[in-house]
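Visitor: The sequence shown begins at 2 in the numbering used here and counts up by one.
Even glycine gets a Cβ: it sits at the ideal position worked out from N, Cα and C.
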Amino acid sequence: MIRYSGPQKARICEEYAANGFTMRSTQRSLRRKYDINPTHVTIRRIYDNFLQNGSASLPRGGSVRSVRTPNNIRKVREAVQALTLEERPSSIRRIAREVNIPQASVHRILRKDLKFNPYHQELKESDFEKIQH
2 MIRYSGPQKA RICEEYAANG FTMRSTQRSL RRKYDINPTH VTIRRIYDNF LQNGSASLPR
62 GGSVRSVRTP NNIRKVREAV QALTLEERPS SIRRIAREVN IPQASVHRIL RKDLKFNPYH
122 QELKESDFEK IQH
């Protein structure tokens with residue numbers, strides 16, 4: 002099945018209406034002008050979606066974001082800043098407990114919204130001497 006982009010779907014709807022809602026002339030016109038060849042079923046489905054939803058694209062599925070809200074992102078940012086100012090070791094578990102948000106969600110907020118990455122300590126030459134003695 003061929004997937005059409007948003008602008009292509011808009012062209013399909015425009016051509017369908019411009020050609021008096023006839024399938025054959027719409028298909029010919031689309032083939033000639035835009036080099037796309039949708040089936041009559043595809044044209045009808047795209048146009049019906051346009052009439053029902055006001056958009057030629059299908060409505061997006063899935064649930065609404067409930068944890069990565071601006072308010073929760075602000076809470077996590079403030080918790081990280083508070084731990085940094087207090088010079089206490091911070092962990093995802095501690096932050097999750099303080100802001101009352103699940104650990105996985107705090108981890109996701111830190112990585113995706115606040116652009117934090119895991120810190121890996123770099124060892125220096127003097128550190129090896131300390132380890133051996």
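Near H41, what residues of its chain come up, given a Cβ to Cβ distance below 6 Å and the 5 sequence neighbours on each side ignored?
Guide: Sequence index remark: in the sequence shown, residue 41 carries index 40 (1-based). Closer than 6 Å at the Cβ level, and outside the excluded window around H41, lie M24.
Visitor: Between which two residues does the alpha helix (DSSP H) holding D114 run?
Guide: Position 113 of the sequence shown, counted from the first residue, corresponds to residue 114. Note, D114: premise wrong, no alpha helix (DSSP H); not H, not E.
Visitor: Does the beta-carbon of Q28 have 16 or more other beta-carbons within 10 angstroms, so that it is buried, or is it exposed?
Guide: Against the sequence shown, residue 28 aligns to sequence position 27. Buried is the call here.
Visitor: Measuring alpha carbon to alpha carbon, tell me which of D114, P90, R89 and Q53 ends up nearest K76.
Guide: To locate residue 76, count along the sequence shown from 1; it is residue 75. Out of D114, P90, R89 and Q53, D114 has the C-alpha closest to the C-alpha of K76.
Visitor: Using the C-alpha atoms, what's the distance from Q9 back to I3?
Guide: Indexing the sequence shown from 1 puts residue 3 at position 2. Indexing the sequence shown from 1 puts residue 9 at position 8. If you take the alpha carbons of I3 and Q9, they lie about 12 Å apart.
Visitor: Measure the C-alpha to C-alpha separation of N20 and Y35 and round it to an integer number of angstroms.
Guide: Taking the first residue of the sequence shown as 1, we reach residue 20 at position 19. Taking the first residue of the sequence shown as 1, we reach residue 35 at position 34. Each residue's alpha carbon lies about 15 Å from the other.
Visitor: Cβ atoms of I96 and R69: under 7 Å apart, would you say?
Guide: Here residue 69 refers to the residue found at position 68 when the sequence shown is read from its first residue. Here residue 96 refers to the residue found at position 95 when the sequence shown is read from its first residue. No.
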